[in-house]
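Asker: Residues 10 to 142 in this note's numbering are what the sequence shown spells out, letter by letter. Glycine included, each C-beta is placed from N, C-alpha and C at the ideal position.
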Amino acid sequence: MESIRPLPIPTPISEPFWKGLACHQVTLQQCNDCAAWVFYPRSHCNGCLSPNLTWKEVTGNGTLYSYTVARRPTAPQFADDIPQLIVVVELNEGVRLNSVMINVAPEALIIGMAVKPVFQRQETETLLYFEPA
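#1: Measuring alpha carbon to alpha carbon, tell me which residue in Y138, E132, A142, F139 is nearest L16.
#2: Taking one C-beta from the segment 80-99 and one from the segment 54-68 each time, how about it: are there three or more such pairs within less than 8 Å?
#3: Measure the C-alpha to C-alpha separation of P115 and V96 and round it to an integer number of angstroms.
#4: Suppose you measure from the CA of Q93 to the CA of H53; what does that come to, to the nearest Å?
#5: Could you spell out where the beta strand (DSSP E) holding L147 opens and where it closes?
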């Protein structure tokens, strides 16, 4: 019996992010009062606490901030993805997000390397992965 992978469940606050990914766009919230970029999706700016946020498309390009190589599955559903390259990417806008690197060997990962987004449809949602730029 094949395992079904866990997928994100969009909320009213995060739905624009997931809709953007479905269109192969990375979207982030930006505060209209202090201009700070906000990620993960929230109802208020984490810098000035303003509720005045706007969704904006960004390139999704960034740098590899940190990573780990999981040589054992993080869950049974990911057993076919070993080694799994779990990463923290710092987007050019300054926000950091967790993801997975693909299309690269573990030994080729270098902190600070340029990365670009890759969009992959998984059942009902499109997920954001990264690969070397």
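Answerer: Let's see:
#1: Position 7 of the sequence shown, counting from 1, holds the residue named residue 16. Of Y138, E132, A142, F139, the residue nearest in Cα terms is E132.
#2: no
#3: Position 106 of the sequence shown, counted from the start, is the residue given in the question as residue 115. Position 87 of the sequence shown, counted from the start, is the residue given in the question as residue 96. Answer to the nearest angstrom: the Cα atoms are 11 Å apart.
#4: As a first step, residue 93 is located in the sequence shown; it is residue number 84 there, counting from the start. As a first step, residue 53 is located in the sequence shown; it is residue number 44 there, counting from the start. For Q93 and H53, the distance between alpha carbons rounds to 33 Å.
#5: Since the displayed the chain opens at 10 and closes at 142, residue 147 lies outside it and no answer follows.
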